[in-house]
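Working notes for the structure below.
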Amino acid sequence: MTAFRINTILLVVLVVASVSTQAQIIRIDTVDNSNVKIKSSQYKTSRLYMYTIGLKAFSYEEFPKILNQTNANNLVTTVVNGVFVKLNDNQISYRIATNFYKQNITFKNECEDCEEAKGQVKDFSARVGFEKNFVYGMLQPYFAFDIGYRRNAFKGDVANAGTLNYSNPYEVNTLKNGLSLSPNFGLKFTPVSHFTFSIESGIGLLYSYEKQERVSKDINRTRSFSQYNKWEFLLRPVSMATIQYNFGLAY
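Just so we're aligned: the sequence shown equals residues 0 to 250 in numbering that gives the first Met the number 0.
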């Protein structure tokens with residue numbers, strides 16, 4: 000076989016190999032992307048905001064006991080009686096809250112047939128605490144703990160509840176100043192940006208110093224004083240239901 004024929008065969012092989020290789024190359028800039036679809040995430044996460052202001056819209060809870068009232072375990076409903084602010088840091092929020100309640104009340108004292116008290120109760124509390132979120136998302140369960148100061152005062156008149164002459168009528172002033180501890184579990188719901196709704200449930204522990212002043216309604220106007228230190232366990236089925244506004248994007 001001559002050298003010319005060998006060179007010719009080699010040239011033909013190279014040309015065939017080159018054409019075969021070029022046939023397998025696809026230019027990606029010519030691919031039609033009209034049918035390419037990127038699947039969006041199925042999970043929604045709420046935005047992170049640095050600050051929150053809120054309104055305590057509703058609560059259903061026990062209040063500190065006044066004198067020896069027989070219905071001290073009754074639950075009290077309050078509406079729009081508190082405000083709070085929060086500093087949010089990832090899954091932990093630090094909060095400061097305050098609320099005030101004033102109401103005219105009537106209750107039985109000592110026993111159902113013993114005495115009846117009528118007057119006005121004033122309850123004020125201020126507390127600091129934190130919230131720890133368990134997950135991110137539109138629905139966020141969380142744990143909260145608050146420590147604070149509580150002041151509860153009652154001023155009114157006490158008389159016999161019935162025909163039984165249990166005691167002489169008297170005027171009374173009571174004042175409690177105490178330390179409160181409140182663990183709670185809650186759930187937050189953020190349907191739209193900036194706005195959050197939440198509900199909490201828990202218990203309250205109150206250690207207080209109480210002063211009682213009684214003035215008899217007789218000619219001598221006899222005055223007496225009493226002082227007490229006590230612990231109280233307060234049930235809070237709905238410690239607070241809130242409306243919150245979030246602002247200041249964290250990212």
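Heads up, the beta-carbon is just placed ideally off N, CA and C, and yes, glycines get one too.
Quick caveat: nothing in here was measured; it's all calculated off a predicted structure.
Counting C-beta pairs closer than 8 angstroms gives three or more between the segment 151–167 and the segment 104–117, which meets the contact rule.
Distance from the CA atom of Phe144 to the CA atom of Gly128, rounded to whole angstroms, is 5 angstroms.
Sequence-distant Cβ neighbours of Asn183 in its own chain, meaning closer than 6 angstroms and more than five residues away, are Ala143, Glu199, Gly201, Ser238. By alpha-carbon distance to Thr76, the top candidate from Cys110, Phe153, Glu60 is Glu60. Thr51 is positioned such that its CB atom lies closer than 8 angstroms to that of Asn245. With a cut-off of 8 angstroms on Cβ pairs, the segment 175–189 is in contact with the segment 203–210, counting three or more such pairs. Take Lys101, set aside five residues on each side of it, and the residues of its chain with a beta-carbon closer than 8 angstroms to its own are Gln119, Val120, Lys121, Asp122, in chain order. Nearest C-alpha to Pro168 among Lys175, Asp156, Gln139, Tyr148: Asp156. Short of 6 angstroms from the beta carbon of Thr105, and not among the five residues preceding or following it, lie these beta carbons of its own chain, in chain order: Lys117.
The C-alpha of Gln90 is placed about 31 angstroms away from the C-alpha of Gly177. When DSSP reads this structure, Glu231 sits in a beta bridge with Leu205.
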